[in-house]
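Under mature numbering (1 follows the signal peptide of the UniProt record, and there is no 0), read the sequence shown as residues -20 to -1, 1 to 49, first letter to last.
C-beta atoms are modelled at their ideal positions from N, C-alpha and C, and glycine is treated no differently.
Bear in mind the structure is a predicted one, so any value in this text is a computation, not a measurement.
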Amino acid sequence: MCFKYLVFFFLALLISLSLANQNSGCHTNCNLDFDNCYDSYSQNPSNNLYSCISQWQRCFNNCESNNQY
């Protein structure tokens, strides 16, 4: 009887971890895009840092609106 609960718990844990890992990709991509934009800004300060921040914020909000936490 206890073995059934352990198997169920293990499967539930695997599913939740895979979903969490899958959804974190959206925010990771936003952060990578911001890093690239900031690197460009660092090399050429005439670029607008505010546009990097706005781009990151739009991307982050898009992840959340698509339930990709």
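| Query | Result |
| --- | --- |
| What is the DSSP secondary structure of Ile33, reduced to helix, strand or coil? | helix |
| Contact check, Cys6 vs Gln35 under 8 Å by CB: the rounded distance? | Between Gln35 and Cys6 the Cβ distance is about 14 Å, and since that is not below 8 Å, they are no contact. |
| Can you give me the Cβ contacts of Cys32 inside the same chain, cut-off strictly under 7 Å, excluding the 5 residues immediately before and after it? | Phe14, Cys17, Tyr18, Tyr21 |
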